[in-house]
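**Student:** Starting off with a structure, shown below.
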Amino acid sequence: MELVIIGPDGESKTVPLKRSVLSLGRSSENDLSYPNDPWLSRNHLRFELRGSDWTVADCQSRNGTVLNHLPLREPQAVSAGDRIYAGHLTIEVRVERNEVTRNVVSFVSAANAFDQNQAVYTNLEKVLGQTRVIKKARSGNTTLATARVVDSLIRAGQELASHRPLDKLFEVILDLSLSAVDAARGVILTLENGSDLKLRASKGADFAISTAVRDRVVSDKMSLMISDAQMDEAFREQRSIVVHKVRSMMAVPLQVGNRVIGLIYVDTGFLLKPFSQEDLDLLTVMANVAAIRIEQARLIEVEQSEKLMESELASASDIQRNLLPTTNPRVDGYEIAGYNLSCNTVGGDYYDFLPYRDGRLAIVVGDVAGKGLSAALIMSSLQARVHMLAESGPDPASALSILNRNVTKRSLPGRFITFFYGLLDPETGKLSYANAGHNHPLLLRKDGGSIELTGHSMVMGILEDVEYQTYEVTLEQGDILALFSDGVTEARAQDGTNEFGEQRLAQFLAWQRTAAPSQMITDLMTHVRDWTGQTAFSDDFTMVIVKRD
């Protein structure tokens, strides 16, 4: 096996698991050292070969390790497809390319098809329509409902009734199928992405399946049997038939209702009896039972995955709420309030209040392009950078320049951030600000006039060397400053034509200017909902109001 380690910048590194122990952490003593990841412990985790299995163990790290979305409490075995999260790293476990030394299944071209006269066909509808009581046919042969068939189906029902992970379920289905028809070898393939057949379980190797057989099973929903491959010239010349001395083969669809989700292929050698019509009927029914169970297992996994995602999103929402201010700042001579409501469980809007040591207050509002979890992750990273930056007390233009350089180095294509950074001096009312493409804040004067705080530059995350400029305005007694995200002004009416817009926002705030800022925001949300005719917002809603008494 091998590890594919993906860093926060998206770059990946492939590490083969060749040694019996492989350690990872910040310390240079580790086999894999990541000294620049502050979320990693010095000795964070280790991979170890135990017997034939690789295991991963957390080395009592400070921030923990996650295996497939669950905290890693004790050493766990890993296999291909597992995903591990440590610090800012994502580690995928994969099968090393050179480990696959044999070809399990291949499809030979339709030119090497088979003699249609040598094949026996049936389908699920025909088999299920047969009599289901034990009786003797005129020929003396038993029908589908023989004791052997009943026993096989009862055993299949018992085995498939218990809950198993999907990957283990395929192995059970193949074992049941081989046992039921006394086959020596077999393989299960499922349809993925509409047309690709994926290997799910196999006993044996070097299966060469005709594309004509594949298409007849998958496209035509037909079960097919070649009772004696040596009687069919095309089959007799195939390498797999010769090498494995195949005498007889069957291929049946994994069918749910009118939909095929894959196929089962089995064959048997010279020393065993050839497959019969009864074998074909039995395997067809078993494949149908198995297909239904596979779909149930898939639905259970989807449901579990959705529940896990809901739980993770709920946790992420709690974390994100704690990243935003939990209380409004108290500043003599001012009333200040802020509020954020994500249109999804989590979102990409951000606002904050950051006190400077000299008594000034930084007021910031940002909006990450996009919605949902990806925007929320970028927002949380931005919040950490803003808090670290505020410790040095920068002016607004310098703050945006530093943030932009940092964001641009790590941003993905199409991901940018609009950001307003204001710095209020409570003594004088002077507001210094810089704007990286964010909505122009509104300043409502005491005398009834209003202005937009114009003067903005490039959004953050596109160009690294952007020089931002600081502007100034003074808040007089009775003035109201409103900062907001586009989720407020771009809310649309029911007919989808008109936006709420800055003018309606200014008018509403003017009507409510005697109310406290927190009440103004609450009333504004109600007003916008009434105006749009919708209870939910289509974009993240963020509002900050500063009122000078």
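Residue numbers (my numbering): 368 to 916.
For every residue, glycine included, the Cβ atom is placed at its ideal position computed from N, Cα and C.
Among the candidates N403, V554, S594, M887, whose CA atom is the shortest distance from the CA of E647?
**Tutor:** Taking the first residue of the sequence shown as position 1, residue 647 is located at position 280. Per the sequence presented here, residue 647 reads as Leu, with Glu not at that position. The option with the nearest alpha carbon to L647 is S594.
**Student:** For the candidate residues M589, T635, G636, whose alpha-carbon lies nearest to that of G629?
**Tutor:** Indexing the sequence shown from 1 puts residue 629 at position 262. Out of M589, T635, G636, M589 has the C-alpha closest to the C-alpha of G629.
**Student:** Thinking Y717 and M746 are a contact (beta carbons under 8 Å), I'd like their distance in whole angstroms, please.
**Tutor:** Working through the sequence shown from its first residue, we reach residue 717 at position 350. Working through the sequence shown from its first residue, we reach residue 746 at position 379. That belief holds up - the Cβ atoms of Y717 and M746 are roughly 5 Å apart, short of 8 Å.
**Student:** Considering just the uninterrupted stretch of the alpha helix (DSSP H) at S546, what are its terminal residues?
**Tutor:** Taking the sequence shown and counting its residues from 1, the one referred to as residue 546 is at position 179. That run of the alpha helix (DSSP H) goes 533-548.
**Student:** For E466, collect the residues of the same chain with a Cβ closer than 6 Å to its Cβ; drop the 5 residues on either side in sequence, then sort them by chain order.
**Tutor:** Along the sequence shown, one-based indexing puts residue 466 at 99. Confidence in E466 is poor, its pLDDT being 46 and thus under 50, which makes the residue's placement too unreliable to answer from.
**Student:** One question on the structure: do Q879 and M887 come within less than 8 Å of each other, judged by their Cβ atoms?
**Tutor:** The sequence position of residue 879 within the sequence shown is 512, counting from 1. The sequence position of residue 887 within the sequence shown is 520, counting from 1. Contact: yes.
**Student:** Answer yes if the region 455-462 comes into contact with the region 553-564, meaning at least three C-beta pairs across the two stretches below 8 Å, and no otherwise.
**Tutor:** No, the region 553-564 does not touch the region 455-462.
**Student:** Would you check if the distance between the CB atom of L820 and the CB atom of Y788 is smaller than 8 Å?
**Tutor:** Residue numbering aside, residue 820 sits at position 453 when the sequence shown is read from its first letter. Residue numbering aside, residue 788 sits at position 421 when the sequence shown is read from its first letter. Cβ atoms of L820 and Y788: not closer than 8 Å.
**Student:** Suppose the cutoff is 7 Å on Cβ atoms and the five residues either side in sequence are ignored; what does the same chain contact list for N711 look like?
**Tutor:** Your numbering for residue 711 matches position 344 in the sequence shown. K738, G739.
**Student:** Is S419 near the ligand ATP, in the sense that its beta carbon is under 7 Å from a heavy atom of that ligand?
**Tutor:** Although the ligand ATP was asked about, the structure shown includes no ligands whatsoever.
**Student:** Excluding the 5 residues flanking S390 on each side, which residues of the same chain have their C-beta closer than 6 Å to its C-beta?
**Tutor:** By 1-based counting over the sequence shown, the position of residue 390 is 23. The residues are N397, D398, R413.
**Student:** According to DSSP, is I745 helix, strand or coil?
**Tutor:** On the sequence shown, residue 745 is found 378 positions in, with the first residue counted as 1. Helix, per DSSP.
**Student:** Mapping the DSSP letters down to three states, classify E396 as helix, strand or coil.
**Tutor:** Within the sequence shown, the letter at position 29 stands for residue 396. Coil, per DSSP.
**Student:** When you compare only the Cα positions, how much space is there between Q443 and A579?
**Tutor:** Translated into positions along the sequence shown, residue 443 becomes position 76. Translated into positions along the sequence shown, residue 579 becomes position 212. For Q443 and A579, the distance between alpha carbons rounds to 44 Å.
**Student:** Within 10 angstroms of its Cβ, does Q356 collect 16 or more other Cβ (buried), or is it exposed?
**Tutor:** The displayed coordinates of the chain run from 368 to 916. Any statement about residue 356 would go beyond what the structure contains.
**Student:** Just to check my reading of the structure: G705 and N695 have Cβ atoms closer than 8 Å, yes? What is that Cβ distance to the nearest angstrom?
**Tutor:** Looking up residue 705 in the sequence shown gives position 338. Looking up residue 695 in the sequence shown gives position 328. Their Cβ separation, rounded to whole angstroms, is 7 Å, which keeps G705 and N695 in contact under 8 Å.
**Student:** On the CB-based measure, 16 or more other CB atoms within 10 Å of its CB, does K914 come out buried or exposed?
**Tutor:** As a working note, residue 914 is residue 547 in the sequence shown. Label assigned to K914: buried.
**Student:** Mind checking which residues open and close the alpha helix (DSSP H) that includes M892?
**Tutor:** If you number the sequence shown from 1, residue 892 lands on position 525. That run of the alpha helix (DSSP H) goes 884-899.
**Student:** So, I847 versus L872, is the Cβ gap smaller than 8 Å?
**Tutor:** By 1-based counting over the sequence shown, the position of residue 847 is 480. By 1-based counting over the sequence shown, the position of residue 872 is 505. Taking 8 Å as the Cβ cut-off, I847 and L872 do not qualify as a contacting pair.
**Student:** So, with DSSP's three-state summary, where would you put A681?
**Tutor:** Residue numbering aside, residue 681 sits at position 314 when the sequence shown is read from its first letter. In this structure, A681 counts as helix in the three-state DSSP scheme.
**Student:** Hey, how far is the Cα of K502 from the Cα of Q644?
**Tutor:** For this step, residue 502 is matched to residue 135 along the sequence shown. For this step, residue 644 is matched to residue 277 along the sequence shown. For K502, the predicted structure reports a pLDDT of 41, less than 50, and the residue's modelled location is therefore unreliable. The matter cannot be settled from this model.
**Student:** Would you call N771 buried or exposed, if buried means 16 or more other Cβ atoms sit within 10 Å of its Cβ?
**Tutor:** Against the sequence shown, residue 771 aligns to sequence position 404. Buried, by the Cβ-count rule.
**Student:** If contacts are defined as beta-carbon pairs under 8 Å, then L649 and I631 qualify, I think. What distance do you get, rounded to the angstrom?
**Tutor:** One-based indexing of the sequence shown puts residue 649 at position 282. One-based indexing of the sequence shown puts residue 631 at position 264. Not a contact, Cβ separation roughly 12 Å.
**Student:** Please go through the same chain and pick out, in chain order, the residues whose beta-carbon is closer than 6 Å to the beta-carbon of E662, but skip the five residues on each side of it.
**Tutor:** Locating residue 662 in the sequence shown gives position 295, where the first residue counts as 1. The residues are V623.
**Student:** What residues in its chain sit with their C-beta under 7 Å from that of L541, if we drop five residues either side in the sequence?
**Tutor:** The residue labelled residue 541 in the question sits at position 174 within the sequence shown. For L541, where only same-chain residues beyond five positions count, the Cβ hits under 7 Å are G553, I555, A568, K570.
**Student:** What did DSSP end up calling V826 once you bin it into helix, strand or coil?
**Tutor:** Counting from one through the sequence shown, the residue named residue 826 turns up at place 459. Coil.
**Student:** Give a yes or no on contact between the region 788-798 and the region 831-847, applying the rule of three or more CB pairs nearer than 8 Å.
**Tutor:** Output reads yes: the region 831-847 touches the region 788-798.
**Student:** Given that a residue counts as buried once 16 or more other Cβ atoms are within 10 Å of its Cβ, and exposed if not, what is L388?
**Tutor:** As a first step, residue 388 must be located in the sequence shown, where it is residue number 21. The question names Leu, yet the displayed sequence has Val at residue 388. With fewer than 16 Cβ atoms within 10 Å of its Cβ, V388 is classed as exposed.
**Student:** Can you check which of these residues, V548, D534, T489, is closest to P620 by C-alpha distance?
**Tutor:** Mapped onto the sequence shown, residue 620 falls at position 253. Answer by Cα proximity: T489.
**Student:** When the Cα atoms are used, what is the spatial distance from L434 to E668?
**Tutor:** Residue mapping note: residue 434 aligns to position 67 of the sequence shown, counting from 1. Residue mapping note: residue 668 aligns to position 301 of the sequence shown, counting from 1. Each residue's Cα considered, the two are about 17 Å apart.
**Student:** Under 8 Å, do A858 and F867 count as touching if we go by C-beta distance?
**Tutor:** The count along the sequence shown starts at 1 and reaches residue 858 at position 491. The count along the sequence shown starts at 1 and reaches residue 867 at position 500. Yes. Within cutoff.
**Student:** Please report the straight-line C-alpha distance between A486 and V548, rounded to a whole angstrom.
**Tutor:** Position 119 of the sequence shown, counting from 1, holds the residue named residue 486. Position 181 of the sequence shown, counting from 1, holds the residue named residue 548. Rounded to whole angstroms, A486 to V548 spans 17 Å at the Cα level.
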